[in-house]
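Residue numbers (the working numbering): 50 to 264.
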């Protein structure tokens with residue numbers, strides 16, 4: 050599906066997971082490429098019971114902060130387990146609007162080389178793939194020394210029409226350390242989606258995922 054010029058403006062949101070560690074700039078360096086709609090310190094509700102007003106109200110959302118496999122940390126020190134974040138009445142992401150999510154955080158998206166449950170954690174009954182097209186992030190550590198440059202490059206590439214996960218990997222290759230490795234999970238036929246041209250939303254009940262990862 051090719052989007053009309055009016056829709057191609059999109060809605061962009063950025064969510065900062067920790068204060069005074071440079072994550073504000075990491076998020077802004079992505080958002081500055083767009084007429085962005087949301088720029089918040091991150092709280093659990095944005096990812097769970099209030100996601101229809103936050104994450105899932107955007108076309109593309111980015112988190113920057115601390116993470117681990119399928120988990121992100123909020124500014125108050127609490128965590129969101131993305132394996133269960135879709136358990137509320139707001140469900141996961143994509144049932145309302147969101148197509149793409151990026152996690153600039155350590156190890157949020159493990160590959161099949163890291164975890165056998167790499168797919169089911171996203172697509173389980175309480176997971177967050179409920180029409181979401183792609184989630185991109187890292188399977189490795191992600192370093193604060195490179196993240197602000199990397200998200201700037203990613204924003205530039207996405208704004209320019211590059212395909213989403215390919216832009217993420219390209220930004221890692223250009224700006225990150227050699228031991229920083231990206232990973233991206235997606236509905237298989239969405240793998241060539243760009244911000245301006247993407248397939249119809251996948252069914253919320255789908256458990257079909259494809260993965261690309263760096264090594």
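Virtual Cβ for every residue (Gly too), placed ideally from N, Cα, C.
Item	Value
So, helix, strand or coil for residue 259, using DSSP?	strand
Taking a contact to mean a Cβ-Cβ separation below 8 Å, would you say residue 242 touches residue 213 in this structure?	yes
Taking the alpha-carbon positions, what's the residue 54 to residue 244 distance?	With a pLDDT of only 37 at residue 54, under the threshold of 50, the placement of this residue in the model should not be trusted; the figure read from the coordinates follows. Straight-line Cα distance between these residues: approximately 12 Å.
Please report the distance separating the alpha-carbon of residue 235 from that of residue 69.	32 Å
Out of 59, 112 and 254, state which residue places its alpha-carbon closest to the alpha-carbon of residue 265.	Outside the displayed span of the chain (50 to 264) sits residue 265, for which this structure offers no information.
For my contact list, residue 194 and residue 156 are in at a C-beta cut-off of 8 Å; report their separation, rounded to the angstrom.	Actually they do not touch by this definition, with Cβ atoms about 17 Å apart.
With C-beta atoms as the reference, is residue 257 less than 8 Å away from residue 160?	no
Please tell me whether residue 229 and residue 184 are closer than 8 Å, where the distance is taken between their beta carbons.	no
Should residue 143 and residue 180 be called a contact, given that it needs their Cβ atoms to be closer than 8 Å?	yes
Helix, strand or coil for residue 61? Go by DSSP, reduced to three states.	strand
Which residues bound the alpha helix (DSSP H) around residue 207?	193 to 208
What would DSSP say about residue 130, mapped onto helix, strand or coil?	strand
Answer with buried or exposed for residue 125, where buried requires no fewer than 16 other C-beta atoms within 10 angstroms of its C-beta.	exposed
At 3 residues or longer, what runs of the beta strand (DSSP E) sit wholly inside the region 230 to 259?	231 to 235
Which residues does DSSP pair with residue 111 in a beta bridge?	63 and 151
Quick one: using the 10 Å Cβ neighbour count with 16 as the cut-off for buried, is residue 165 buried or exposed?	exposed
I'd like to check one pair, residue 259 with residue 82: are the Cβ atoms closer than 8 Å?	no
For residue 218, list the residues DSSP reports as bridge partners.	DSSP, once it has assigned bridges, lists no residue as partnering residue 218.
Any idea what DSSP makes of residue 78, helix, strand or coil?	helix
Can you grab the Cα-Cα spacing for the pair residue 119 / residue 105, in whole Å?	17 Å
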